[in-house]
Amino acid sequence: MKLYMRWMLRQLLIHADFWSMLFISTASPVTHKLVMENVSSRLIAAKGLVDAIGIIVITALFNRFGDRIYKHFVAIAMCENVAYTLMLVGVITRTISITTYYIIESIAWILLTKNLICCCNRIRRFIYESEEREKFDNNRHIAMSAATIIGNSVALFVIPEWAAWMLMSLGIICGNLFSVLAYKQARRIEG
1 MKLYMRWMLR QLLIHADFWS MLFISTASPV THKLVMENVS SRLIAAKGLV DAIGIIVITA
61 LFNRFGDRIY KHFVAIAMCE NVAYTLMLVG VITRTISITT YYIIESIAWI LLTKNLICCC
121 NRIRRFIYES EEREKFDNNR HIAMSAATII GNSVALFVIP EWAAWMLMSL GIICGNLFSV
181 LAYKQARRIE G
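Each residue of the sequence shown is one higher than the last, beginning at 1 in this note's numbering.
Structure, rendered in structure tokens:
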């Protein structure tokens with residue numbers, strides 16, 4: 001039974017990576033171009049610094065308080081879904097500027113996405129046995145690269161700005177839904 005549960009966990013995490021990457025890679029050429037056209041190089045540098053400092057702080061906090069944070073995985077994932085959806089709707093409706101989106105996205109990435117990444121790293125500990133880790137990691141990279149090939153192939157065609165933002169949001173939501181299912185499976189394995 002445990003072998004099946006571990007197999008299921010691996011499948012859920014690979015699906016999270018594949019579907020998230022498929023939608024995000026389809027949207028990325030358009031959204032990246034829009035950000036680069038609307039954001040100054042100084043703001044890009046400042047965001048890079050804030051993101052790096054945030055990663056250090058959040059990861060250190062997770063290393064110390066990971067058990068408490070991990071218990072709130074589903075809530076963090078749902079908050080990320082809501083936050084990104086609201087930001088992307090704001091950009092589509094022109095309620096917020098792309099520069100404002102870029103700044104808010106940095107905060108959301110540090111506070112929500114980085115914690116989810118740390119939680120997913122914890123989930124992976126339930127599936128590793130000897131060479132399983134190597135195969136799993138390799139399969140994740142294959143799935144993400146295949147999704148990128150499909151996504152970028154679709155992106156070669158003209159994708160309207162609004163559709164790119166919606167695909168970006170859909171990618172985040174899809175990845176989180178599969179990750180929540182993986183979290184629940186890991187909790188079953190954990191006992």
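Ideal Cβ positions, reconstructed from N, Cα and C, are used throughout, including at glycine.
### Query
If you count every other CB in all the chains shown that lies within 10 Å of the CB of residue 7, and 16 or more means buried, which is it?
Residue 7 comes out exposed.
### Task
Return helix, strand or coil for residue 160, following the three-state DSSP convention.
coil
### Message
Tell me the rounded alpha-carbon separation between residue 142 and residue 17.
### Response
10 Å
### Query
Can you find at least 3 beta carbon pairs, one from the stretch 17–27 and one from the stretch 138–152, that sit closer than 8 Å?
By the criterion of at least three beta-carbon pairs nearer than 8 Å, the stretch 17–27 is in contact with the stretch 138–152.
#### Entry: Straight-line gap, residue 11 to residue 22 (C-alpha atoms, nearest Å)
Residue 11 and residue 22 have their alpha carbons spaced roughly 16 Å apart.
### Message
Let me confirm a value: residue 62 is counted as buried when at least 16 other C-beta atoms fall within 10 Å, else exposed. Which label applies?
### Response
buried
### Query
Mapping DSSP to helix, strand and coil, what is residue 191?
coil
### Query
Are the CB atoms of residue 73 and residue 119 nearer to each other than 8 Å?
yes
### Message
Closest to residue 52 by C-alpha separation, out of 70, 75, 110, would be which residue?
### Response
110
### Message
Suppose you measure from the CA of residue 4 to the CA of residue 179; what does that come to, to the nearest Å?
### Response
18 Å
### Task
Assuming residue 20 and residue 175 form a contact by the criterion Cβ under 8 Å, report the distance between their Cβ atoms to the nearest whole angstrom.
3 Å
### Query
With 16 other CB atoms within 10 Å as the buried threshold, where does residue 126 fall?
Answer is buried; the Cβ neighbour count reaches 16.
### Query
Beta carbon of residue 98, beta carbon of residue 35: below 8 Å?
yes
### Query
Leaving out five residues before and five after residue 167 in sequence, what residues of the same chain have Cβ atoms less than 6 Å from its Cβ?
23, 26, 27
### Message
Taking its Cβ as the centre, do 16 or more other Cβ atoms sit within 10 Å of residue 121, making it buried, or is it exposed?
### Response
exposed
### Task
Using beta-carbon positions only, say whether residue 117 and residue 183 come within less than 8 Å of one another.
no
### Cβ neighbours of residue 140 in the same chain (closer than 8 Å, five flanking residues each side left out)
13, 14, 17.
### Query
For residue 192, which of helix, strand or coil comes out of DSSP?
Shown here, the chain extends from 1 to 191; a query on residue 192 therefore has no answer.
### Query
How long is the line joining the alpha carbons of residue 100 and residue 57, rounded to whole angstroms?
23 Å
### Task
Would you kindly check if the distance between the Cβ of residue 102 and the Cβ of residue 170 is under 8 Å?
no
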